[in-house]
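Under our numbering, the first residue of the sequence shown is numbered -16, with each subsequent residue one higher.
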Amino acid sequence: ESLSPEPFLQLSVTVNGPRGAHYRLSTQRCTNRRSFAYCKDGWLQQAAEDARQPRALLELGKSSQFSISPDGTTLAFVKMEQGRPQIFVQVLNSNRKAELLLRHPNGAQEPRYSPDGSSLAFSSMENGRSQVLVWSFAKKSYRPWSGQADHQDSSPCWTPDSQGLVVCRDGSKLVLLNRGGE
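Quick look at the structure:
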């Protein structure tokens, strides 16, 4: 018997600050559980409609890049490892330590679980350009997903059917990448 993934609402806001600084707030909310997660003061917090105070889930340090699995049990987040950002996974509500999911030679950022939970999109530098790659949990490997190598792709966001990604292209356009093309 398979459990259908619970739908999440995702919100990301980028604010342009003084002297070209960019600040980004990302949050996800499980629509059935009426709770959401956010990063504050280096901690991943969970707030719920029926709770007076948010609950600290995990210390993320300086990173605010995270994604919660569709079933709400696992967290993928970015943490520095040997001087580069890498993606770790942590089972929530568990005493187990976070584990390194993948080690990309150029670092990995912006993790995003697919709605079906089978994959995790992320961005990294490939051949001198920011590209979107996809980690397959079944194959335990990643592959490029970005369409054209002469563009900078980042900020992946899955389509509801887990078959495509919307990415930010060259910092100014949104492009839908399907398995067959753009």
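Glycine included, every Cβ here is placed at the ideal spot set by N, Cα and C.
query                                                                                                                                                        : result
Name the residue from 54, 22, 30 and 141 whose alpha carbon lies nearest to the alpha carbon of residue 61.                                                  : 22
What ranges does the beta strand (DSSP E) occupy inside the stretch 116 to 145, keeping only unbroken runs of at least 3 residues that lie completely in it? : 124 to 127 and 136 to 141
In the DSSP assignment, find the beta strand (DSSP E) that holds residue 160 and state where it starts and stops.                                            : 156 to 161
The beta strand (DSSP E) that contains residue 95, what's its start and end?                                                                                 : 92 to 96
Can you tell which of 68, 53 and 34 has the C-alpha that lies nearest to the C-alpha of residue 47?                                                          : 68
Can you round the beta-carbon distance between residue 94 and residue 121 to whole angstroms, since I take them to be within the 8 Å contact cut?            : Incorrect: roughly 17 Å between the Cβ atoms, too far for contact.
Rounded to a whole number of angstroms, what is the C-alpha to C-alpha distance between residue 45 and residue 37?                                           : 19 Å
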